[in-house]
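Below is one structure, written out as structure tokens; the observations come after it.
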Amino acid sequence: MVVKMHPSIGLVEAIKQRRAARSFRGDPIPEAILQEILELGIQAPSGFNLQPWRFIVVSKQENKDKLQACAFNQRQVGEAPVVLICCGDRRITQMEYITSVIHLGEDAGAMNDSYANYLRSNIPEFFANHSSFETMETWTNRHTMLAVAYMTIVAKSFGIDSCPMEGFDSAQVKEAFQIPEEVDVCCLLALGYPQEPFKQYGGRFPSDRVFFNEKYNAPFQFS
1 MVVKMHPSIG
11 LVEAIKQRRA
21 ARSFRGDPIP
31 EAILQEILEL
41 GIQAPSGFNL
51 QPWRFIVVSK
61 QENKDKLQAC
71 AFNQRQVGEA
81 PVVLICCGDR
91 RITQMEYITS
101 VIHLGEDAGA
111 MNDSYANYLR
121 SNIPEFFANH
131 SSFETMETWT
141 NRHTMLAVAY
151 MTIVAKSFGI
161 DSCPMEGFDS
171 AQVKEAFQIP
181 EEVDVCCLLA
191 LGYPQEPFKQ
201 YGGRFPSDRV
211 FFNEKYNAPF
221 QFS
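All residue numbers for the sequence shown refer to UniProt numbering, where the first residue is 1 and numbers rise by one.
As structure tokens, then:
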């Protein structure tokens, strides 16, 4: 039986305190906490509710060692009690998959015939035109990273630190973990309890450098 857990840190503090951990202790993550991280993570939004993300949960040391060898021997992969191989599935454009999304909406009471027909006709057209992205991998990566971001914040709220990682050989990871050709490895996400000292806060640019008013480079100010 899985015991439900409750966050120990509020949302605002979890966002402010989250850091990329560079080294982890070997302490295991309680199963109930890991379940909350994973299940709340996939509450992230996605275009047309297609949910292209797929995650391989790696916790056995022999498999973490195998993954570490594919990730330029970075220590976080071997040390963290859990590492997620975060993937995006390009097969979401297949009509069989679109139909499964429609059935999901029907079961939730959020789908009618008109919207179902809209999805059947507009999803293939959207990806055929791909006016806002160049490749399917770009689109699936965008949405997978939304779920990854959710997971890092949820994890921190339960006292678990994380490290999203782009340093790996994608072809090696796919071969080692039997990932289909149509599925792309977006990132690795190491989860666990960090070794001290923690990574220092690197600061953030002020809001007037990253927020603009109505058009690019027009100053934006809060009232």
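Heads up, the beta-carbon is just placed ideally off N, CA and C, and yes, glycines get one too.
Nearest CA to the CA of Arg120: which residue from Glu96, Thr140, Thr135 and Val58?
Comparing Cα-Cα distances from Arg120 to each of Glu96, Thr140, Thr135 and Val58, the minimum goes to Glu96.
To test your reading of the DSSP string, which unbroken beta strand (DSSP E) runs of 3 or more residues are found completely within the segment 135–169?
Counting whole runs of 3 or more residues, the segment 135–169 contains the beta strand (DSSP E) stretches 161–165.
Identity of the residue in Leu146, Asp65 and Leu188 nearest Met165 by Cα
Relative to the Cα of Met165, the nearest Cα in the group Leu146, Asp65 and Leu188 belongs to Leu188.
Enumerate, from N- to C-terminal direction, the unbroken beta strand (DSSP E) stretches of 3 or more residues contained entirely within the segment 44–131.
Complete beta strand (DSSP E) runs here, min 3: 53–58 and 82–89.
What are the boundary residues of the beta strand (DSSP E) that includes Ser192?
Note on residue identity: the sequence assigns Gly, not Ser, to residue 192. Run containing Gly192: Val183 to Gly192, per the beta strand (DSSP E) assignment.
Give the secondary structure of Ala20 by DSSP, where H, G and I count as helix, E and B as strand, and everything else as coil.
Strand at Ala20.
Of the residues Phe205, Lys215, Asp161 and Gln221, which one's Cα is nearest the Cα of Glu196?
Checked all of Phe205, Lys215, Asp161 and Gln221; the closest Cα to Glu196 is Asp161.
Less than 8 Å separating the beta-carbons of Ala176 and Lys64?
Going by beta carbons, Ala176 and Lys64 fall outside the 8 Å limit.
Anyone know if the C-beta pair for Val57 and Ala190 falls short of 8 Å?
No, they are not a contact pair.
Does at least one heavy atom of the ligand NAD sit under 7 Å from the Cβ of Thr99?
Annotation note on the ligand NAD: not contained in the displayed structure, which lists no ligands.
So for Val2, helix, strand or coil by DSSP?
In this prediction, Val2 scores a pLDDT of 49, lower than 50, which makes its location untrustworthy; no coordinate-derived value is stated.
Given Glu125 as reference, the closest of Ala147, Ala108 and Ile98 once Cα atoms are compared
The option with the nearest alpha carbon to Glu125 is Ile98.
Please classify Thr144: is it buried, with 16 or more other beta-carbons within 10 angstroms of its beta-carbon, or exposed?
Buried is the call here.
Quick one, are the C-beta atoms of Ala80 and Gly159 less than 8 Å apart?
No.
Should the segment 15–34 be called in touch with the segment 127–137, which here means at least 3 C-beta pairs below 8 Å?
The segment 15–34 vs the segment 127–137: no contact.
Closer than 7 Å by C-beta to Cys186: which residues in its own chain qualify, once you throw out the five before and the five after it? Chain order, please.
Excluding sequence positions up to five before and after Cys186, its CB lies within less than 7 Å of the CB of Cys86, Cys87, Gly88, Asn141, Thr144 and Met145, all in the same chain and listed in chain order.
Presumed contact (8 Å Cβ cut-off) between Phe55 and Val101, rounded CB distance:
That pair is no contact at about 18 Å.
By Cβ distance below 8 Å, which residues in the same chain neighbour residue 290 in space, the five residues on each side in sequence not counted?
With the chain running from 1 to 223 in the structure shown, residue 290 is simply not present.
Cut-off 8 Å between Cβ atoms - residues of its own chain near residue 224, not counting five sequence neighbours on either side:
Because the chain is modelled from 1 through 223, residue 224 falls outside the range shown and cannot be assessed.
Under the assumption that Gly202 contacts Ala71 (Cβ atoms under 8 Å), give the Cβ distance between them as a whole number of angstroms.
With 8 Å as the limit, Gly202 and Ala71 do not qualify as a contact, their Cβ atoms being about 22 Å apart.
Measuring CA to CA, which of Val82, Pro7 and Glu182 is closest to residue 227?
Past the edges of the chain, shown from 1 to 223, lies residue 227, and the structure says nothing about it.
On the DSSP letters alone, give me the boundaries of the alpha helix (DSSP H) that Thr209 sits inside.
Looking at the sequence shown, residue 209 is not Thr but Arg. It spans Ser207 to Val210 - the alpha helix (DSSP H) in which Arg209 sits, taken as one unbroken run.
Report the residue from Ile37, Pro28 and Asp27 whose alpha carbon sits nearest the alpha carbon of Pro7.
Minimum Cα-Cα distance from Pro7 among the listed residues Ile37, Pro28 and Asp27 corresponds to Ile37.
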